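Participant:
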Amino acid sequence: MRSAMGSECSYDRGLFDGSIGGFLFEKSSEFVVERLEGVEVEDKEQKLAEKKRIKILFRSQMCFIIQNIEKTALLSEHVNLLTTEIKPETADQKMQDFEIQIDLTEREQQKPFSEKIVKRDFEIIIISDKKKKKKKK
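Using my numbering, the first residue of the sequence shown is number -4, and each one after it goes up by one.
1) Residues in the same chain with beta-carbon distance under 6 Å from Ser123, minus the five sequence neighbours each way, listed in chain order, please.
2) Just to confirm the assignment, what range does the alpha helix (DSSP H) spanning Lys82 have?
3) Please check the pair Arg140 and Ile120, which I expect to be a contact at CB under 8 Å, by giving their CB distance rounded to whole angstroms.
4) Compute the distance between the beta-carbons of Leu70 and Ala86, then report whether it is under 8 Å.
5) In or out: Arg8 buried (at least 16 other Cβ within 10 Å) or exposed?
6) Where does Asp116 fall in DSSP's three states?
7) Going by Cα to Cα distance, which pick from Lys125, Asp116 and Phe93 is closest to Glu65?
8) So for Asp98, helix, strand or coil by DSSP?
9) Quick check on Asp38: does DSSP put it in helix, strand or coil?
10) Please state whether the Cβ-Cβ distance between Asp116 and Ile51 is less than 8 Å.
11) Do Lys131 and Glu40 come within 8 Å of each other at the CB atom, strictly closer than that value?
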């Protein structure tokens, strides 16, 4: 899935290598391992469900972070246009053109099934939660 600026907002770790996202992914992976080691889990299924839950949260947070960075970049670009002594109307028009170009690129590159993937991931969590409740009873 592509975010507003056209950068990958994907589940694939390879896309984050060598970037801030890669650093955050590595740290979150370490956190997942530490969290799972610190908790005694009776069943491998529960451990996998917890791991999936954390990955889903990480994915959504990464996309949110990327979108915020992109919004900041857009604002910065607008400020740069205004400080270069361009007329405000011209700067506004250039920013509108830039945003339209980003939107078009995003639509072209966006995967139509990405929403289905997220929905499936949440269904997996719900199913695993139901299994946990049944085992407790």
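Just so you know, even glycine gets a beta-carbon here, dropped at the ideal spot from N, CA and C.
Because the structure is a prediction, the values reported are computed rather than measured.
Facilitator: Working from what's here:
1) Start at 1 with the first residue of the sequence shown, and residue 123 comes out as number 128. Counting only Cβ-Cβ distances below 6 Å, and skipping sequence neighbours, we find Ala44.
2) In the sequence shown, counting from the first residue as 1, residue 82 sits at position 87. That residue, Lys82, is in no alpha helix (DSSP H); it is neither H nor E in DSSP.
3) Residue 140 falls outside the range modelled here, since the chain spans only -4 to 132, and no answer is possible.
4) If you number the sequence shown from 1, residue 70 lands on position 75. If you number the sequence shown from 1, residue 86 lands on position 91. Cβ distance not < 8 Å, so Leu70 and Ala86 don't count as in contact.
5) Position 13 of the sequence shown, counted from the start, is the residue given in the question as residue 8. Residue confidence is low: Arg8 scores 42 on pLDDT, short of 50, so the model does not pin down where it sits. Its coordinate-derived value is still stated next. Looking at its Cβ environment, which holds fewer than 16 other Cβ atoms inside 10 Å, Arg8 is exposed.
6) As a first step, residue 116 is located in the sequence shown; it is residue number 121 there, counting from the start. In this structure, Asp116 counts as helix in the three-state DSSP scheme.
7) Here residue 65 is taken as the residue at index 70 of the sequence shown, counted from 1. With distances taken between Cα atoms, Glu65 lies closest to Phe93.
8) Your numbering for residue 98 matches position 103 in the sequence shown. Note: Asp98 maps to helix in three-state DSSP.
9) Along the sequence shown, one-based indexing puts residue 38 at 43. Coil, per DSSP.
10) In the sequence shown, residue 116 corresponds to position 121, counting from 1. In the sequence shown, residue 51 corresponds to position 56, counting from 1. Result yes, Cβ atoms of Asp116 and Ile51 sit closer than 8 Å.
11) Against the sequence shown, residue 40 aligns to sequence position 45. Against the sequence shown, residue 131 aligns to sequence position 136. No, these two residues do not count as a Cβ contact at 8 Å.
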